[in-house]
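Numbering (UniProt numbering), first residue to last: 1 to 182.
A quick write-up on the structure given underneath.
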């Protein structure tokens with residue numbers, strides 16, 4: 001099911017690409033998401049954390065089994081970002097009891113960064129929150145992740161730091177960032 005469709009200008013290429021944001025529903029969607037997660041995490045996070053930790057985290061948090069569990073039993077919703085029909089990124093989020101939205105996952109393939117998709121996806125997320133009467137969006141981001149600058153440009157601010165033990169001797173050393181919904 002397509003939830004939103006619009007044109008985003010790709011400034012670096014000077015072209016327009018139609019971006020669709022589709023809710024992940026089927027097992028096929030989940031498989032596609034897991035493959036995309038493995039690709040994106042390995043192209044980006046090995047610059048920040050070890051390859052072994054990336055592989056561990058993908059298996060623990062973004063495998064078919066993990067995504068299925070999150071969707072069926074933990075209240076997560078996932079969406080694929082598809083300009084011209086091909087999935088190039090994804091969003092994972094959960095409505096929390098405090099009337100906020102936890103933006104758990106937000107990733108775009110390397111070749112599609114800088115094309116305006118992050119801003120368009122964030123507009124979708126803000127509309128999602130407004131439609132449901134949610135008061136803020138929050139996320140966690142590795143302290144060494146260049147995406148912090150993008151989040152700040154989009155109105156997020158650092159609220160606190162968090163070190164979370166994720167097992168197998170690994171931790172996530174993150175900032176918690178948030179943005180109020182107006």
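Every residue, glycine too, gets a C-beta built ideally from N, C-alpha and C.
Item	Value
Residue 133 to residue 90 span [Cα, whole Å]	23 Å
Any non-hydrogen atom of the ligand MN within 7 Å of residue 29 CB	Here there are no bound small molecules, and the ligand MN is not part of this structure.
Spatially closest choice to residue 170 from 50, 180, 146 and 99, by CA coordinates	50
Nearest residue (CA-CA) to residue 64, options 27, 73 and 108	27
The segment 160-176 contacting the segment 111-131, beta-carbon criterion three pairs below 8 Å	no
CA nearest to the CA of residue 120, picked from 158, 35, 32 and 83	83
Cutoff 6 Å; reference residue 151; Cβ partners in own chain excluding five residues on either side	177
Residue 135 and residue 181 closer than 8 Å at C-beta	yes
Residue 71 versus residue 33 - alpha carbon distance	12 Å
Status (buried if at least 16 other CB within 10 Å, exposed otherwise) for residue 67	buried
Backbone CA spacing between residue 42 and residue 102 [nearest angstrom]	23 Å
Distance between residue 59 and residue 167 (C-alpha atoms, nearest Å)	12 Å
Own chain partners of residue 141 with C-beta closer than 7 Å, once the 5 adjacent residues on each side are dropped	147, 148, 151, 174, 175 and 177
Residues near residue 158 by beta carbon distance below 6 Å, same chain, minus five either side	175 and 177
Chain-order list of residues whose beta-carbon lies under 6 Å from that of residue 160 (same chain, five-residue window excluded)	176
Local Cβ density within 10 Å of residue 164, reported as buried at 16 or more and exposed below that	exposed
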